[in-house]
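Numbering-wise, our numbering comes out as the position in the sequence shown, counting from 1, plus 563. Glycine residues also receive a C-beta, built at the ideal position from the N, C-alpha and C atoms. In this text, all values refer to a predicted model and were calculated from it rather than measured experimentally. One structure is given below, encoded as structure tokens.
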Amino acid sequence: MQAEEIEQLDKEVKRLKRIAAEWAGRMHDLVEERLPAAYEEIPDLAQGTFDACRAWAKANSRLTTLQKG
């Protein structure tokens, strides 16, 4: 059961990492292409990026704990 759980969590970590990277890419595009005119987008974009990174970090921490046994 634990090997199955680790495998599922590993897939989830990879999915969450991809989502976090997508948010980071949006933030990068804002900085590189649309600021300062689009400054009002900063709060929502920052919160979304933060939340995505935090979700990845929590899942990654659980995965690391399970892998250590």
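Check: Burial state of T612 (16 or more Cβ within 10 Å); Outcome: buried
Check: Anticipated Cβ contact below 8 Å, L629 with L608, distance rounded; Outcome: That belief does not hold up - the Cβ atoms of L629 and L608 are roughly 32 Å apart, past 8 Å.
Check: L598, DSSP secondary structure in three states; Outcome: coil
Check: Given 8 Å, three or more beta-carbon pairs between the region 578-589 and the region 613-624; Outcome: yes
Check: Which of helix, strand or coil DSSP assigns to G632; Outcome: coil
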